[in-house]
Each structure stands twice: as structure tokens, then as C-alpha cells.
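Chains as they are written, first to last, in my numbering: chain A, 9 to 354; chain B, 9 to 354; chain C, 9 to 354; chain D, 9 to 354.
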């Protein structure tokens with residue numbers, strides 16, 4: 009009999025869900041025992057829902073059912089479900105003893121009062137909200153160990169916090185100047201539900217900004233950077249790219265006097281030494297979406313002119329921005345090698 | 009006071025509708041006096057529905073209302089409306105005295121018995137169906153003159169009938185062999201309604217065949233070519249291209265003994281002399297979608313090896329496959345230069 | 009005999025060149041009499057070089073030859089040629105009496121000393137450089153009238169100067185804060201020469217910043233805005249979008265105390281009243297590339313939060329960013345309606 | 009010390025080369041010890057050539073050098089090199105004792121007389137040509153065992169031979185009728201060299217047929233199917249899709265009387281039982297490129313109407329059409345599990 013950790017993916021029909029399933033099928037210590045669809049009523053083979061999984065799994069995809077979690081004796085649950093759904097179901101899952109990695113935004117913000125405005129609902133359990141570990145893995149190893157509830161970071165915030173946190177901690181950024189985060193994401197970030205905004209003809213050969221000054225990732229970024237949530241401190245503008253997957257953020261910061269490109273590189277090198285999923289671009293080449301797409305890495309680089317820095321970061325929004333970071337977090341929480349199921353370990 | 013023909017476009021929110029509006033705004037003898045949306049209830053500026061029309065028109069887009077046709081004293085109505093809707097409203101419009109150019113499929117098939125199977129409804133008025141002129145303009149000038157009801161051809165059938173009709177009439181094709189029409193269309197051909205099949209992520213970086221052996225354009229093509237509707241005579245396979253607009257058809261026919269590429273070119277040249285919207289590719293260059301996209305032309309060319317011909321045709325599905333052919337037809341019906349509003353006349 | 013102005017397009021094989029040719033073929037008072045290719049040796053039909061022009065023109069495309077300008081008695085020459093080429097040939101053309109609209113960057117910068125650094129060559133004629141009219145049409149009507157040499161603005165600078173110039177003139181922007189211009193362009197902006205950076209596989213499903221802090225449009229923008237050329241004043245970061253045509257710029261400015269969105273709209277409305285090619289987006293809808301692509305408009309809009317503004321502008325880089333603005337400029341210089349050949353005049 | 013097979017990838021800068029490298033880095037019994045670039049002179053890190061490999065390997069990419077093969081004691085060489093280059097170097101590598109898997113076309117055709125016409129060179133060693141094993145893995149297990157030279161099949165031929173060989177062997181196809189293979193490929197199939205045909209703007213929003221009646225894969229397909237190479241027997245038309253990777257083939261065959269869809273499924277099921285890389289689509293869903301892209305599978309399905317079948321097959325041209333099939337072949341030749349390095353083996 010297998011000694012593997014038994015895991016369930018809820019939200020198995022979504023874009024992050026299927027990526028998570030593909031990763032888990034390659035994991036040596038976790039066994040995928042269930043796949044839930046939060047919004048459909050029928051049980052059907054996962055390979056019917058996602059024909060790309062044919063030949064890889066015989067698992068069935070079934071309607072979400074909390075009782076099945078116990079029936080399957082699952083110790084680990086990944087929620088790739090809508091925000092409001094995660095808000096509802098997490099407390100019950102925790103009580104049932106499962107470790108939960110929630111990929112939605114329902115458990116990310118520490119300030120419960122932001123939920124009605126940015127998510128349209130009240131946080132179900134503000135006390136649990138405080139206990140949730142914000143799983144930006146590279147900065148959360150200690151808290152993640154044995155965590156029961158992990159709030160997986162948003163796709164955009166991951167690309168912004170990874171390069172900025174070390175520089176802010178090192179006091180290199182002039183915070184009296186507005187930090188500008190101009191981010192661009194592929195369409196899978198908008199989810200699988202068809203609507204006018206995801207229609208091929210509306211997206212292809214086009215490009216747009218959206219939710220200017222009001223995207224729900226803005227307060228998450230400010231929280232992660234330890235900044236007051238105000239447009240004079242930080243502006244985050246998301247844009248929609250006519251591609252399937254990948255995010256690139258162009259971040260503008262004013263540096264403290266004397267801070268050079270090399271100094272930034274040094275801080276990053278120290279911070280990310282031994283962190284397998286952050287890659288530094290320190291030469292003339294800067295990160296591009298094609299280098300990071302379909303990989304579990306967050307790539308970062310910068311250019312400095314006088315006291316201004318332009319920082320470029322890129323990731324696959326479905327991997328480091330969702331599924332692979334979720335698995336990274338689960339690996340750390342459960343004591344496995346952080347890379348298990350994500351990178352080949354020889 | 010203007011002596012222009014007063015026209016209405018119904019279906020103004022759709023992809024063909026907006027193209028038609030753009031063409032009509034450049035017409036010297038037709039004035040666009042109304043724009044109807046068949047499925048929405050609110051009146052709002054066309055430039056709100058289609059921001060690309062800002063600066064070009066102040067017309068309002070209003071819910072479909074047959075009474076408004078009379079109120080506006082419109083003599084010409086273009087219907088870019090759903091098949092079933094066109095089936096319903098055409099008889100009333102005809103009775104009210106308007107000339108109708110219907111861009112749907114509701115009035116194209118002469119055999120009324122095909123409607124339940126291919127369109128899911130009974131033809132409203134089989135007698136009127138017989139009177140409708142099938143507006144493949146290049147082959148219908150005489151019937152179009154003063155026509156009251158014009159059934160504008162399907163996008164796919166236009167690309168297939170234009171090159172094949174002259175060759176079949178000239179007896180050049182061995183009809184004992186199956187004619188294979190392998191067609192590929194951009195996504196605007198699927199209409200503006202968002203669904204799983206038009207979601208950007210499902211279409212981009214992919215390609216698929218659909219409705220194999222059962223697309224409703226198959227009987228239309230057989231009718232246009234004068235062939236029995238049977239897979240042993242003609243196979244039509246549509247595919248979905250990850251582009252916004254354009255169709256390319258690759259057509260395989262066996263030639264009668266001795267028929268050469270030059271002979272085909274000669275027949276085409278004779279047939280399309282004086283026809284401004286068919287372009288012959290007789291050199292080494294074959295039609296490609298990019299040459300025809302955003303133009304009102306149907307481009308045709310062929311390669312012959314032994315007694316087999318591969319015919320390539322291309323068009324913009326929203327123009328020669330819909331809006332510009334509709335205007336071509338209206339121009340002929342009303343006695344204007346066929347090119348009015350479509351090509352610049354110096 | 010025609011009284012039309014006789015015009016030549018040099019650089020007829022490039023992406024801007026073909027757009028200019030399409031516009032000129034619709035012009036009532038200008039006749040296209042010649043098409044030059046700056047880098048090829050053979051004379052061949054334009055419709056062979058650009059099959060999309062089949063059926064529209066019988067003109068030949070010939071190697072660049074200054075003598076032919078006189079032979080054809082051309083009074084107007086559009087140069088869609090490489091920067092260095094334009095630098096060389098303009099003085100001769102001016103001397104020969106032609107009105108020249110140069111779409112390259114060779115005659116845009118007033119400070120001749122910037123050419124070696126940003127363009128890799130010395131300006132051929134610094135005195136003529138001072139006389140060249142920078143053709144951002146909306147702000148240059150008076151100087152354009154009877155101008156002999158018009159330097160057509162860069163594609164990026166057009167999207168940035170149009171919204172910012174009126175706001176800077178009105179004193180609404182806090183210039184002590186860095187203006188951030190994060191711009192994104194389609195691939196046609198990179199020209200037609202194939203290289204690793206324009207290979208489909210390298211561009212599609214990707215996105216990147218390029219020439220960070222060193223793009224040659226940066227000094228042009230600073231000059232147009234009347235700002236010192238320094239990263240603490242203005243940062244311009246171009247990015248490559250996986251689309252054919254269109255630019256969107258996201259511009260971040262700090263406003264002077266009390267400046268509201270409405271105040272910005274008011275200044276824009278006053279500035280652009282009677283200017284047919286700038287469209288204001290004053291409602292909830294912001295400019296997107298798809299609204300501006302294939303149109304001659306520059307679209308502008310903004311969102312304000314506290315004292316920060318995010319300005320969004322969009323245009324077709326080949327039209328308002330090149331060919332249609334060139335024709336706008338020629339129209340003004342020659343005393344025609346600014347819209348001739350560009351918008352339908354009823 | 010490692011007991012792994014030591015392998016080299018030549019052509020490491022190309023699109024197939026990098027895929028092969030990624031697969032080999034995950035292989036339990038093969039160790040990648042060298043990477044050659046056939047056309048460049050500098051040695052540089054693979055992760056500089058392909059930044060997506062950063063964090064995955066520290067291997068250097070060096071100019072092709074046969075002596076290094078011995079120096080590195082490599083027993084296995086993959087050639088992702090140009091046809092003519094493979095033609096030259098294979099005999100020497102074989103003589104040096106290496107097992108060679110050649111991904112080019114240089115060793116695929118048994119009839120040496122076809123090389124001058126279709127490849128532009130004489131086959132270097134017609135005797136060796138006869139000994140080369142054509143590695144369409146599913147049909148070549150026996151010959152592959154201990155093979156020294158494996159000619160990896162073309163990307164298009166793989167999609168056509170896999171579904172057709174079993175049906176032809178079973179006598180189900182009426183070979184008196186022309187078999188039509190209408191194939192569509194992503195741009196990576198055209199290789200990495202930039203040219204007018206791979207320029208983003210020329211490919212995006214377009215679609216074209218190319219090499220009609222003269223593509224070099226046509227004789228390869230005829231050979232694989234055991235058919236006379238003649239347009240009356242088989243027509244193969246390749247087309248260029250505006251996507252990065254993936255091929256879909258639409259294949260038209262006339263069936264022998266009485267052959268049903270179920271009969272076809274039965275033959276396929278028998279043929280491909282135990283073959284992990286062919287997936288059968290037997291329900292209402294047909295193969296689409298998105299299901300096969302980024303997977304090592306060839307997907308097949310069909311629709312039958314009367315005695316006509318439309319067969320749809322799809323694969324990733326860089327994986328089952330190149331790199332993963334090459335590794336499949338090496339695995340079989342060396343006695344490893346066919347799936348090693350390609351699918352996760354638990």
C-alpha cells in the first residue's frame with residue numbers, strides 16, 4: 009500500500025486546475041486521488057473534460073462534495089475554485105483536518121475590511137484569515153512548514169513582490185516616489201468562463217488596460233510590500249495580452265542615491281541563493297514571456313539609468329503564478345523537496 | 009433634400025453588421041438612416057456599441073422594430089440577423105415594399121425540406137424561398153436587377169462556387185470523382201456570441217475541424233454547383249483558424265483528360281472579365297488570406313499535376329463573404345455601379 | 009488633363025509605404041505617379057510586390073532614382089525609407105523643388121548632436137534640420153502651410169505627445185515627478201526586414217520590453233513635450249506586442265493639486281475641437297488597440313485617482329503613426345481638406 | 009561513476025534541438041554530455057542560447073566537431089541538423105561507433121534517386137541509406153532494436169502514416185481513389201532561420217498553402233504507405249498556420265464497401281494496443297491541435313459518411329513530429345522503456 013499523501017484538486021476544470029493535475033501526476037510523494045469540479049453536476053473522466061490528459065490519467069472528475077474528501081481520506085486539498093466558493097468551503101476543510109492550498113484570493117488579504125470592496129463578499133472567518141499563510145514561497149518557508157491553510161498569491165502580485173521585496177528590505181528604493189507597476193497578462197488569467205472580454209476576436213490583434221486603479225491585486229501587492237494602499241505610493245495597472253499564458257511586469261522605481269544595477273543584482277543574488285524558482289537576468293538579456301512560459305520560474309532583471317530603475321519580471325501565470333507555486337507551497341508545508349513534481353530530480 | 013436610397017442595417021451589433029455600416033457610410037447613393045440590433049433592448053449610439061465607429065457616425069442603434077422601417081421611409085434593408093430571425097421577418101419587410109438583402113442562411117436553399125435538418129426550423133414561406141435571388145453576384149447580375157429579396161451567399165460557399173462554377177460549366181471537371189473542399193475560416197465567422205468555442209485560450213495556438221459531414225453550408229455548395237448532395241460527390245470540411253478574419257479553401261478536383269492549368273486560367277479569365285471583385289492568381293504566387301483580408305475580393309488560383317488540380321481561393325469572410333457582397337448585390341439590384349461604396353471610383 | 013498634384017512614394021515595399029499607396033489611390037486631388045523601392049534593383053508591378061493591391065493599381069515599383077522625380081514632374085514625395093537614406097536624399101529633393109514628407113527619423117530632432125548617438129550617423133544638413141516642420145499635425149497647422157520639408161513624427165511619440173502636450177501647456181502636470189510612458193507596439197513597427205526579433209515563433213505567445221532607456225524615440229518625445237532629456241524627467245519603455253499593428257501607451261503622470269478627470273477632459277476637448285483625427289474617450293470605456301487599428305485616429309482617455317493620472321492612448325502605428333499622418337500633413341501643406349483621402353467626405 | 013548512456017545533441021540551437029535537450033535532462037538512463045551547434049562558431053552556455061533553459065543545465069553549446077564525440081565518449085548522437093549536413097556527417101559518426109538518430113530528411117528515402125530532386129543533393133552513401141531504419145516507432149520496434157542509424161520521420165508524414173498504415177494493411181481503403189492529405193503546421197516547422205516567410209507580420213492573421221505538389225514529405229509519405237508516388241494515388245498539401253507548434257492533418261479516403269467507423273476504430277485499437285504514444289478519439293470529440301500540442305502523442309480520429317472517411321490526426325511537430333519520437337526511437341534501440349524521459353514513470 010502506498011505511503012503517499014493523498015490529494016484532491018477542486019476546480020479541476022479550470023486552467024490552473026489542469027496544470028496542477030499535470031504536476032501532481034509526476035509527484036513521487038503525493039498521489040492525486042480526486043478531482044472536483046465546483047460548478048458542474050456530472051461525473052465524467054478528466055480526460056473527457058481535458059482531452060490533453062488522455063493517456064495520462066483515468067481519474068474521474070466529480071461535482072464538489074466535502075464528504076468525498078473524507079471518504080477518499082485526502083490529507084491535502086488544492087482549491088482552484090472561485091473566490092466566493094473558497095471563502096465558503098475552507099473552514100470546513102480545515103476542520104476536517106485537511107491541509108488546504110487555496111489558489112483563489114479569498115484568504116490572501118489580512119485586512120478583512122477590504123473584501124466587500126474588492127471581492128464583493130464578507131470574509132467568512134476573519135480569525136482564520138489571520139492564520140492563513142501567504143504563500144509567496146521564497147519569503148515564507150518558515151511559516152509554511154506545517155501550515156494548515158495556505159493562501160496562494162495572485163499571479164500579478166507574485167511578479168511584483170519577488171523583485172521588490174528584497175530591494176525594499178535593503179532600503180534601496182526611494183519610497184517617497186510612486187512605484188509604478190505596469191503589468192501585462194495572457195488571457196488564461198481571466199479564467200475559462202466565456203464572455204465578451206475573452207472572445208477571440210475581441211482579444212486577438214488587440215491590447216488594453218483594464219480595472220485601472222481598481223484591480224483586486226493592488227491591495228494584495230501593497231500588503232506584500234508593506235506599503236500603505238494609496239495611488240501616491242503604488243500604482244498597479246493590469247493589461248490584457250493576446251496570448252494564452254504568461255505575465256510580464258514592467259516596474260518603475262526611483263532608487264536611493266548611489267544604488268547601482270550591480271547593487272541590485274547583489275541583493276537579489278543573496279536573497280535568492282538556494283531558491284530554485286527565481287532566475288536572475290544579470291546580463292544584457294532581460295526577461296521575456298517566452299523564456300518563462302511553460303516553466304515554474306519567476307524571472308527578474310533590471311536596467312538602471314541615473315537614479316531610475318526599470319525592473320522587468322516574467323512568469324507563467326498558471327505555474328509560478330498559480331499551480332506550481334501551490335505545489336511548491338504544499339511541498340514545503342509537508343516537508344518535501346520544494347522541487348518535487350515541478351523539476352526533474354536526478 | 010437628398011435623393012439617396014434610404015437604408016437600414018439590422019444586426020448592427022454583429023461583425024458583418026459593422027462592416028456593412030462602414031461601407032454604407034462611404035456610399036454616394038445610399039444613406040444609412042437606421043441601425044437595428046436584433047437582440048438588445050436599449051437604444052444607444054452606434055459608436056458606443058462599436059467604438060471604432062467614433063468620429064464616423066452619430067447614428068443610434070435601436071432594438072429591431074419593423075414599424076420603424078416605414079417610419080424612416082427605408083427602401084433597403086440589410087439583415088445581418090440570426091437565421092431564424094430572418095426567416096420570420098423577411099416576408100413582412102417584403103410586403104412593406106422594402107428591398108431586402110438577407111445575410112443569413114434562411115433564404116438560400118431552394119429545397120425547403122433541408123431547413124429542419126440543417127437550420128432547425130421550417131422555412132416560413134417556401135414560395136418566397138423560390139423567388140429569392142441567390143446573390144453570388146458574379147453569376148447573378150440578371151436576376152439581381154430589381155430583385156426584392158436577395159439571399160446573400162454563405163462565406164464558405166462563396167470561396168468554393170466562384171472558382172468551381174466556371175470549370176463545371178466548361179465540362180473540365182471529372183464529376184465521377186469526389187470533389188474535396190477543405191476550408192479554413194477565421195473566428196469572426198462564428199459570430200460575436202461568446203462561448204467555449206470562441207474563448208481566446210481555446211482557439212489561440214490551436215486549430216480544428218468542426219461539423220465534419222454536417223455543416224449547413226454543404227447543401228448550399230452542392231446546390232450552387234448543381235451537384236447531388238452526397239459525400240461521394242462533394243465533401244466540405246470547415247476548420248477554425250486562430251485569426252480574426254479570412255477564409256482560405258483548398259479544393260481538390262480531378263480534371264478531364266487534357267485539361268491544363270492554362271485552360272483553367274482561360275476559362276476563369278473569360279468568366280471574370282469585367283468582374284471587379286474576383287482576382288486571378290495566374291503566376292507562381294497563390295492566394296493567401298493576408299492578400300484578401302480587409303479587401304472585397306475573392307482571390308483564386310490553381311496548381312495542376314497530371315490530371316489533378318488543387319484550387320486555392322481566399323476572401324475576407326466579413327466582406328466578400330458577407331458585407332461587401334451584400335452591398336455589391338444591392339448596387340446591382342438598384343442599378344448602381346457594382347463598386348459603389350466598396351472601391352474608390354475616381 | 010489632370011490638375012492633380014503628382015506624387016511619388018519612395019519606400020513602397022515597406023509596411024508604411026503600402027498604406028500610403030492605398031490612401032493616395034483614394035485621394036481626389038493627388039495622383040500617385042510613381043513608386044520607388046529604396047533597396048531593390050528590379051522594376052516590377054506594385055501588385056506583385058503587394059498582392060493585396062491587385063485590382064487597385066497598375067503602377068510599377070522601380071528602384072529609387074532621383075532623376076525620375078523630375079521626369080515624372082512630381083511635386084510631392086513621401087519618403088518611407090530608412091533613416092540614413094532619408095538623411096542623404098532629402099536635400100537634393102528639396103533643391104529640385106519637391107515638397108517632401110519624410111516618414112523616417114532623419115529630420116525630426118532639432119538637436120543635431122543627438123543623431124550620432126541615436127541614429128548612428130551625422131545629420132547631413134543641420135541648417136535644413138532647423139527648417140524641417142515636425143508634423144504632429146494637430147499642433148502644427150500654421151507651420152505646415154506651404155512647408156517644403158515635413159518630418160513626420162515617430163509612431164510612439166505621436167501617442168504620447170497628443171495627450172500630454174495640452175496638459176503640460178495648461179500647467180496641469182507636476183513636472184517634478186517623472187513621467188512614465190509604458191508603450192506597446194505591434195510588430196509592423198519593427199519594419200519588414202526579417203530577423204530573429206521578428207520571427208513568428210520568437211514573437212507569438214511572447215512579450216518583451218526592448219531598448220530600455222535607449223530608444224531613439226525618447227529624445228523625440230522629450231523635445232515634443234519641451235522637457236529636458238533625462239530619466240528623472242521622462243522614461244519611455246517600448247514593448248513588442250504579438251500583433252501586426254497598433255500601439256497603446258500607458259502614461260503615468262502626477263497632477264497638480266486639484267486637477268480632476270473632468271478638467272483634463274475639458275482641456276482635451278478645447279484643444280481637439282475641429283481636429284478630426286483625435287478621439288476622446290470620456291466615459292467608462294478606455295482606448296484599446298482594436299478600436300484604433302485600421303483607422304487614422306489617435307484615441308485618448310484617462311483615469312484619475314487622488315493626484316495620479318493614468319492616461320491611455322492608442323493608434324494604428326502604420327496610419328496615425330505613419331502613413332495617414334503623412335497624408336494629413338501633405339493635405340495641410342498643400343491647402344486641401346485635412347481629411348482628403350483619409351476619411352470619406354460626403 | 010555513472011552507468012548512463014552518454015549522448016550528444018547536434019543542432020542544439022534549433023527548435024527540435026532544445027526540445028530534445030529538455031527531454032534528455034529528465035532521462036534516467038541517458039546523460040546529455042554535449043550540445044553542438046552546426047552553424048555557429050562560438051562556445052557559449054546553452055542557457056544563453058535558450059534562456060528558457062536557465063536553471064536546468066550548465067552545459068555549454070559548442071561548434072560541431074566530430075572529434076569531440078570521441079573525446080566525450082558519446083555512444084548516442086542526435087542530429088537536429090540541416091539535411092545536407094546530416095547527409096555529410098552520418099557515415100563518419102557510424103564508423104566511430106555511435107548510434108545515430110537523425111532528425112533531418114537525409115536518410116529517410118530508400119530511393120536514392122529522389123534526393124537530387126527533393127533535397128538538392130546526392131545521397132552520400134546509398135548503401136547506408138538502405139540500412140537506415142525509418143523510425144516511425146509504432147511500426148518499427150523490431151528493426152529499431154540495436155539499430156545504428158535511425159532516420160526519424162518527418163513531422164507531416166508521422167501524422168499521415170500513423171492512421172493510414174493500419175487501414176491500408178487491413179485492406180479497408182479503396183486505393184483506386186486518390187488519397188487527399190490536407191495538412192496544416194505551425195511555424196516552428198519552418199525552422200529558426202528568419203526569412204520573409206517566417207516574419208511575424210507575414211504569418212499572423214494569415215494562412216497559406218505552400219509547395220503544392222512538390223513538398224519533400226510527399227515521396228516520404230508514399231514510401232511509408234507503400235503507394236506509387238503519383239498525384240493520382242496521393243496528394244499532400246502542406247499549409248502554414250499562424251501558431252508556434254502543432255500539426256493537424258485532414259485526410260480524405262474512400263473506404264471499401266461496408267467499412268464502418270467502428271471497423272476503423274477496431275483496427276486502430278488492435279494496432280495501437282500497448283503503444284503509449286497514439287491516442288484514439290473514438291467519441292464525438294475529434295483531435296485538435298491544442299490537445300496534442302506540448303505532448304508526445306499522435307492523436308487520431310475519424311468520421312465516416314457513406315463510403316467516405318475524413319480522418320483527423322494531430323501532434324506536436326516538435327515532439328511526436330521530431331524530438332520525442334527521436335527519443336522514443338533511441339529508447340527502443342537501446343532497450344529502455346519506450347516512455348523513458350518522455351512520460352513520467354511511477
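Heads up, the beta-carbon is just placed ideally off N, CA and C, and yes, glycines get one too.
Query, Result
"Contact check, residue 206(B) vs residue 208(A), beta carbons under 8 Å", "yes"
"Identity of the residues DSSP links to residue 224(A) by a beta bridge", "Residue 224(A) pairs with nothing; no bridge assigned."
"Separation of residue 92(D) from residue 229(A), as counted between CA atoms", "54 Å"
"Those runs of the beta strand (DSSP E) which lie wholly inside the stretch 23-102 of chain D and span at least 3 residues", "38-45, 68-71, 84-87"
"Residue environment, residue 80(C), which counts as buried when at least 16 other CB atoms sit within 10 Å", "exposed"
"Beta-carbon contacts of residue 52(A) that lie in its chain and below 8 Å, excluding the five residues immediately before and after", "68, 69"
"Proximity to residue 157(A) [Cα-Cα], best of 346(A), 351(A), 56(A), 338(A)", "338(A)"
"Chain-ordered chain A contacts of residue 141(C) [CB-CB under 7 Å]", "What residue 141(C) touches in chain A: nothing, since even the nearest Cβ is about 31 Å away."
"Counted within 10 angstroms of its Cβ, other Cβ atoms place residue 335(A) as buried (16 or more) or exposed", "buried"
"Residue 260(D) - partner residues in DSSP beta bridges", "188(D), 318(D)"
"Residues near residue 347(D) in its chain [Cβ-Cβ closer than 7 Å; skip 5 each side]", "284, 353"
"Residues bridged to residue 134(B) [DSSP beta-bridge criterion]", "DSSP lists no partner for residue 134(B)."
"First through last residue of the alpha helix (DSSP H) which encompasses residue 272(B)", "269-280"
"Nonlocal neighbours in the same chain, by C-beta distance under 7 Å from residue 182(C), ignoring five residues either side", "262, 263, 264"
"Beta-bridge pairing of residue 163(C) - partner residues as DSSP gives them", "Beta-bridge pairing links residue 163(C) to no other residue."
"For residue 286(D), the nearest candidate out of 316(D), 292(D), 267(D), 329(D) (CA to CA)", "329(D)"
"Helix, strand or coil at residue 323(D) [DSSP, three-state]", "strand"
"Beta carbon proximity, residue 250(B) to chain D, threshold 8 Å", "yes"
"CB of residue 113(C) within 8 Å of CB of residue 224(C), strictly", "yes"
"Contact set between residue 63(C) and chain B, taken where Cβ atoms lie within less than 7 Å", "284, 287, 305"
"Beta-carbon gap between residue 257(D) and residue 191(D) smaller than 8 Å", "yes"
"Closest residue to residue 320(A) among 98(A), 199(A), 170(A) (Cα-Cα distance)", "170(A)"
"C-beta contact flag for residue 216(B) and residue 248(B) at 8 Å", "yes"
"Classification of residue 147(C) by the beta-carbon crowding that lies within 10 angstroms, buried from 16 upward", "buried"
"Residues of the stretch 231-258 of chain B whose Cβ lies closer than 8 Å to any Cβ of chain D, in chain order", "238, 239, 240, 243, 245, 247, 249, 250, 251, 252, 253, 254, 256, 258"
"Cβ-Cβ separation, residue 13(A) to residue 342(A) (assumed contact under 8 Å), whole Å", "6 Å"
"Option nearest residue 317(D) by Cα separation, candidates 188(B), 290(B), 332(B)", "188(B)"
"8 Å Cβ cutoff met for residue 37(C) and residue 340(C)", "no"
"Any C-beta of chain A under 8 Å from that of residue 209(B)", "yes"
"Identity of the residue in 160(C), 120(C), 125(C) nearest residue 85(C) by Cα", "160(C)"
"Whole-angstrom distance between residue 292(A) and residue 270(A), CA atom to CA atom", "13 Å"
"Span of the alpha helix (DSSP H) around residue 126(B)", "122-127"
"Proximity below 8 Å, CB of residue 213(B) to CB of residue 251(D)", "yes"
"Beta-ladder partner(s) of residue 308(A), from DSSP", "288(A), 321(A)"
"Residue burial classification, residue 268(C) (beta-carbon count within 10 angstroms, cutoff 16)", "exposed"
"Residue 9(A) at chain C interface by Cβ criterion, 8 Å", "Legend: pLDDT at residue 9(A) = 47, less than 50; position of this residue unreliable, value from coordinates given subsequently. It does not: the Cβ of residue 9(A) has no partner Cβ on chain C nearer than 8 Å."
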